[in-house]
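In what follows, a single structure is set out as structure tokens and then discussed.
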Amino acid sequence: MYASLKSIGSFVPKKIMTNKDFEKIVDTSDEWIVQRTGIKERRIAADDQATSDIGALAAIKAIERSNISKEDIDLVICATLSPDHLAMPSTACLISQKAGIRNVMAFDVSAACSGFVYMLSIAKAFIESGAKKNILIVGAEKISPLIDYSDRGTCILFGDGAGAAIIGVTQDKNEAILDVHASADGKYADLLITPGCGSKYPCRAENVNDKLQYIKMSGNEVYKVAVRTLTKDVVDILKTNGITSNEIDLFVPHQANLRIIEAVRNKLNFPAEKTIFTVEKYGNTSAASIPMAINDAYEEGRLKKGDLMLLDTFGGGFTWASALVRFGGN
Ligand code: ACO
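Quick note on numbering: my numbering labels position 202 of the sequence shown as 202, and the sequence is numbered without any gaps.
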């Protein structure tokens with residue numbers, strides 16, 4: 001009995017924020033942003049759309065594209081760094097309610113940009129142990145409220161969006177999640193952090209005045225560890241599974257920065273035609289980045305049943321993860 005990624009869906013907010021829009025609010029240029037990141041635009045959720053709202057819309061699409069009904073779902077997991085509420089309820093509980101899923105176990109995963117691949121690992125274990133049969137996993141982010149729009153080093157990078165998948169059971173290894181590697185190292189915590197509004201620096205006026213509620217990043221240091229870790233991760237998972245890079249049908253890297261993707265792709269000799277690039281139009285959507293990228297590949301007809309995907313991601317914590325997934329959807 002194997003776990004299988006049976007369907008994919010995403011939701012992209014309507015409002016587009018272009019690099020030209022950033023030229024009006026910080027000292028930057030379209031040219032700098034494109035050259036250093038590859039990003040041209042990103043989406044911003046509406047004021048009345050919380051993370052659970054956009055997550056539920058992606059979830060509904062993934063359920064519609066699967067051969068199950070919402071009554072068949074027995075576990076809902078959401079990965080996010082921008083939950084609707086800091087402590088409770090979990091965003092997974094709210095997504096369940098908004099997607100019409102009742103009386104199932106639901107919880108959130110906190111692994112920043114690695115959240116979707118972390119969820120694959122959890123879902124795989126639940127399915128293969130026989131504990132659950134149909135799991136909805138949702139990577140959803142409304143990151144825009146966590147952005148300091150006066151910090152040019154971070155504000156240009158992130159966008160809002162959501163992606164979801166149904167993980168079900170299969171007897172066929174040709175449509176299975178073959179392997180997931182996931183790791184973390186808290187020694188890098190301060191390089192990419194939202195310091196405030198948790199138990200360490202509570203949501204008090206002095207901490208808010210110090211802007212501790214916003215994402216802080218040492219971009220250059222994160223960049224170097226990201227390239228090193230992402231490359232090593234791919235080499236390790238391919239070697240463990242006796243798979244060569246030319247057997248991969250689609251390389252789906254976390255969409256944080258085009259230069260990072262290109263550095264990893266070139267080191268591993270993956271052709272551009274087999275790599276998914278969405279960073280140009282969405283920016284970094286953290287836990288939503290990989291499912292949104294898989295969704296776009298699916299909608300463009302680039303993903304067929306049985307295709308072997310290699311997922312590779314890296315994020316705050318630091319966390320990192322990779323997965324070998326044969327697509328089990330139609
Ligand atoms: N426009 C113009 N200039 C800028 C901007 C901007 N938007 N941002 C920074 N600069 C300036 C800096 O101030 C600096 O100027 P100085 O030399 O006068 O001090 C100069 O550009 C170079 O700054 P660096 O930080 O060295 O620029 P770098 O080439 O590293 O690019 C970037 C910055 C894009 C942030 C890059 O480091 C990066 O992508 N890092 C990794 C991000 C990432 O992958 N995060 C992981 C996942 S995120 C998650 O988990 C939530």
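Note that the Cβ used here is the ideal one computed from N, Cα and C, for glycine as well.
Residue 197 has its alpha-carbon roughly 8 Å from the corresponding atom of residue 207.
Looking at 261, 42, 90, 101, the one whose alpha-carbon comes closest to that of residue 272 is 261. With 5 Å as the limit between CB and the heavy atoms of the ligand ACO, the residues that fall short of it are 28, 32, 36, 37, 112, 113, 152, 153, 156, 219, 220, 222, 223, 226, 256, 257, 286, 315, 316. Boundaries of the beta strand (DSSP E) around residue 9: 2 to 11. Contact between the region 80 to 91 and the region 34 to 46 is absent: fewer than three C-beta pairs spanning the two stretches fall below 8 Å. Residues 70 of the same chain have their beta carbon placed closer than 6 Å to that of residue 63, with the five preceding and five following residues left out of the count.
Setting aside the 5 residues that flank it on each side, residue 242 has no residue in the same chain whose C-beta is closer than 6 Å to its C-beta. Beta-carbon to beta-carbon, residue 234 and residue 180 are separated by about 13 Å, too far to satisfy the 8 Å threshold. Less than 8 Å divides the Cβ of residue 175 from the Cβ of residue 328.
Between residue 167 and residue 158, the gap from beta carbon to beta carbon reaches 8 Å or more. When the Cα atoms are used, residue 74 and residue 133 turn out to be separated by approximately 7 Å.
Contiguous alpha helix (DSSP H) elements confined to the region 141 to 216 occur at 152 to 155, 205 to 209, taking only those with 4 or more residues.
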